[in-house]
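Take a look at the structure set out below.
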Amino acid sequence: MNGTILIVDDDDDTAVLLRDSLRKRGFDVDAVNSAQQCLEHLRTDPVDVVVTDVQMAGMSGIELCQELRQRHPDLLPLVLTGQGGLETAIAAIRAGAYDFITKPVKVDALAIAVGRALEHLSLKREVKRLRSAADRDIPIDGIAGNSPVIRETVEMIRRVADSDATVLITGESGTGKELVARALHNLSPRRDQPFVAVNCAAMPAPLLESELFGHVRGAFTDAKRSRAGLFVQAGAGTIFLDEIGEMPIEMQVKLLRVLQERRVRPVGGDEEVPFEARVVTATNRDLETEVDEKRFREDLFYRINVVAIPVPPLRARAGDILMLAQYFLKRIAGRTNKPVQGISGPAARMLMDYDWPGNVRELENCMERAVALCRLDEVTVDDLPAKVQEHQSSKIVITTESPGELITLDEMERRYVRQVLHAVGGNKTHAARILGIDRRSLYRRLEEPRHDQRVAESHALTSRPPSSVASSSPGAPANGFSGSSSSTGSGSSTGSSSNVHPASNPVSGAGASTNHAGEAEPI
Ligand SMILES: Nc1ncnc2c1ncn2[C@@H]1O[C@H](COP(=O)(O)OP(=O)(O)OP(=O)(O)O)[C@@H](O)[C@H]1O
Ligand SMILES: [Mg+2]
0 MNGTILIVDD DDDTAVLLRD SLRKRGFDVD AVNSAQQCLE HLRTDPVDVV VTDVQMAGMS
60 GIELCQELRQ RHPDLLPLVL TGQGGLETAI AAIRAGAYDF ITKPVKVDAL AIAVGRALEH
120 LSLKREVKRL RSAADRDIPI DGIAGNSPVI RETVEMIRRV ADSDATVLIT GESGTGKELV
180 ARALHNLSPR RDQPFVAVNC AAMPAPLLES ELFGHVRGAF TDAKRSRAGL FVQAGAGTIF
240 LDEIGEMPIE MQVKLLRVLQ ERRVRPVGGD EEVPFEARVV TATNRDLETE VDEKRFREDL
300 FYRINVVAIP VPPLRARAGD ILMLAQYFLK RIAGRTNKPV QGISGPAARM LMDYDWPGNV
360 RELENCMERA VALCRLDEVT VDDLPAKVQE HQSSKIVITT ESPGELITLD EMERRYVRQV
420 LHAVGGNKTH AARILGIDRR SLYRRLEEPR HDQRVAESHA LTSRPPSSVA SSSPGAPANG
480 FSGSSSSTGS GSSTGSSSNV HPASNPVSGA GASTNHAGEA EPI
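If you're matching positions, the sequence shown starts at 0 in the working numbering and goes up one per residue.
Okay, structure coming up:
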C-alpha cells in the first residue's frame, strides 16, 4: 500500500533527514515541527501514518497520540523513543501509538515499521469495506417490499441512519411509518440506546408537555415527585414523535424552542436540562398544506423537515402487494402452525385489484383473517373479506374504439394528475413528487381549462363532440375515467384498451405470474 506519512519532530534537521530518507524509499512524506502543526496539517491533508518524536515543546508526542486517537481514529501513529525509554514506549502504546522505534533512528528499521503500519491499515480498511458491503445486502429488518418506491425509501433510511439530522416521515395511515422510524434507529450508532415513541395526538397539551419535558415536584396537584421527561429518558437514543401533525399549536411553539436549544425545561422548573436524543417525527397529514392553512407552524415544519422520508401508500407500489401478502402469510401460518403455503390465482388477482385504503396494515389484517379461515393449503377467494372480493377495479382505461371517447393530451394529463392525487390520498406534495413536477405546477394542471380553451381543444379533435370533454367536470370522480370493467363497452382486457394507471402492470416485480385474462398462477 502506498500511504502518506507525516514526520513530527521539533528538531528540523532530524525531521528533514527522516523525510528525505523515507522519500528515497518511495514513500509520500511531509514533515512538520510540532504537534500543533501536525493537527493543523491533518485538517486539510489526510495522512495514513504519523511518525512523532516524544519530547517536544508544547504538546508532547504522547499527548499527540491521544489527540489522534480521538480525532483521527483511522490513522496510525508511530513514536520515536529516546535511549532506554521503555516506560515512554509503554505510555505511547497506551496513548494509542501503533508501534515505537528507538533512537538513534535507523532508517531501514523505520521504513520497515512504516511499511508494517501501512499494511495493517490496508487490512483494517478492507475489513471495514466488506462489513459495510455485507450490511448493505441485509434487508432492513422487517421492511418487506421490492418496488422501486419502497427501495427508494429504504435507501434513504440507510443514507441518513448515521446522521443526527431530524427526520420527518410522512405517509398515509398503515403505510409503515413507525417501522421506518424503528429501522432508522436500529441502523444508527444509537441502536443500543433507548427508542422512545410518543403519540402526540393521544394527549392534551399540558399532559404532553409534562410527558415530553418532565416536571418538578409540586408542578401540579398529582406531581408528588419530580420526573424526567421522555426527551431525557431517551438518553443518547431516539425519540420518535408520532402524529406530529396533530400536536396542539401551543405545544408546537415549545417544541420549536426545545429543538433549537437542544434543552428542555421541565414543567414548573426554572432550569433547563440538555438532551442528547435524536428526534424523528412522523405524520399522515400533508404538513405543507397544514402550514398553508395555518394549522402547523412553518418554522417548526422547517425545523423537523431537515430530512424527509415519504412512505408510499400500498396502491402506489402494486408490485409489492403479493410479496407482502406472501410475507404475512408465511409469518402468520408459522406462528399459528397452519399448513397454508400460498394464495390461489383468483385470490391473488383480487388482492392486486383492491386499492388498500388502510395500506399495509389492512393487508396484514386481511392475511391474518385469511389464514385463520383457510381450510386448504392455499388461501382462496372465499377466505378474503367481502370488500376485497367485491371491489371493482378503478384503474384508468381509455378505449381507442369509439371516436366520441377520444380526448386531448391536456385533458388526459388533467385526468392522470387527478388519478395520481387520488392514489396518494390527496397528498399534493407526494403527488407532485411522483409526477416529477412542483406543487404549483400541480395546481395549474388540476385547473379546468377556460371555455375558449375547451372550444379550441374540441376543434382540434374534429371527430369528438365537445360534450365528452365537458363530461369531466370538477365534480367528476377523481379517477375521471370510466372503470375498466364497466363502461369500456368492448371488454377492458382486450388489446384495444390502454391502461395508464402507474401501477397498471399487475405483476411487475411481484414474483407472481398472471395471464391476460387476469387469472394469476398460484404463488
Ligand atoms: N414494508 C413492510 N413490511 C412488513 N410489514 C410492514 C411494512 N409496512 C408496514 N408493515 C406492517 O404494517 C403495520 C402498520 O405499520 P406502521 O404501524 O408502521 O404504520 P404507520 O404508518 O405508523 O400507521 P399509522 O399512521 O396508522 O400509525 C405494522 O404491523 C407493520 O409491521
Ligand atoms: Mg404509526
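Ideal placement from N, C-alpha and C gives every residue a C-beta, glycine not left out.
These numbers were taken from a predicted model, which means no experiment stands behind them.
Residue i beta carbon near ligand 2 (any heavy atom closer than 8 angstroms)
| i | result |
| --- | --- |
| Ala281 | yes |
| Glu242 | yes |
| Glu363 | no |
| Glu171 | no |
| Glu177 | yes |
heavy atom of ligand 1 below 8 angstroms from residue i C-beta
| i | result |
| --- | --- |
| Leu321 | no |
| Lys386 | no |
| Leu286 | no |
| Lys329 | no |
| Arg261 | no |
| Val370 | no |
| Gly25 | no |
| Ile156 | no |
| Tyr326 | yes |
| Arg294 | no |
| Ile406 | no |
| Ala143 | yes |
| Arg124 | no |
| Val310 | yes |
| Ala359 | In the sequence as displayed, the identity of residue 359 is Val instead of Ala. Flag set: Cβ of Val359 near ligand 1. |
Check whether residue i and residue j have beta carbons under 9 angstroms apart
| i | j | result |
| --- | --- | --- |
| Leu63 | Pro76 | yes |
| Ala281 | Ala180 | yes |
| Pro265 | Val272 | yes |
| Arg284 | Ala422 | no |
| Val310 | Phe300 | no |
| Ala222 | Gly267 | yes |
| Leu420 | Asn426 | yes |
| Leu183 | Val305 | no |
| Asp8 | Leu79 | yes |
| Gly144 | Arg330 | no |
| Arg70 | Thr165 | no |
| Val339 | Leu375 | yes |
| Arg438 | Glu287 | yes |
Exposure of residue i, with buried meaning 16 or more beta-carbon neighbours within 10 Å
| i | result |
| --- | --- |
| Leu408 | exposed |
| Thr161 | Before going further, note that residue 161 is Asp rather than Thr in the sequence given. Exposed, since its Cβ has fewer than 16 Cβ neighbours within 10 Å. |
| Leu229 | buried |
| Asn1 | exposed |
| Gln251 | buried |
| Val378 | buried |
| Gln418 | buried |
| Asn336 | exposed |
| Thr43 | exposed |
| Leu67 | buried |
| Arg277 | buried |
| Ala14 | buried |
| Ala91 | buried |
| Asp11 | exposed |
Self-check item: contact_flag[the segment 101-113, the segment 11-25] where n(CB pairs < 8 angstroms) is 3 or more
Solution: The segment 101-113, when compared against the segment 11-25, does touch it at the 8 angstroms Cβ threshold.
Quiz item: For the segment 346-355 against the segment 381-392, are there 3 or more C-beta pairs whose distance is under 8 angstroms?
Solution: Yes: the two stretches touch, three or more of their Cβ pairs being nearer than 8 angstroms.
Quiz item: Is the segment 311-329 close to the segment 182-194, with three or more CB pairs under 8 angstroms?
Solution: Fewer than three pairs of CB atoms, one per stretch, sit closer than 8 angstroms, so the segment 311-329 makes no contact with the segment 182-194.
Quiz prompt | At least three beta-carbon pairs within less than 8 angstroms, the segment 236-252 to the segment 196-210 | solution = Enough Cβ pairs lie closer than 8 angstroms, so yes.
Exercise. Evaluate contact between the segment 354-369 and the segment 168-176, counting only Cβ atoms and requiring at least three cross-stretch pairs below 8 angstroms.
Key: Below 8 angstroms, enough C-beta pairs join the segment 354-369 and the segment 168-176 to call them touching: three or more.
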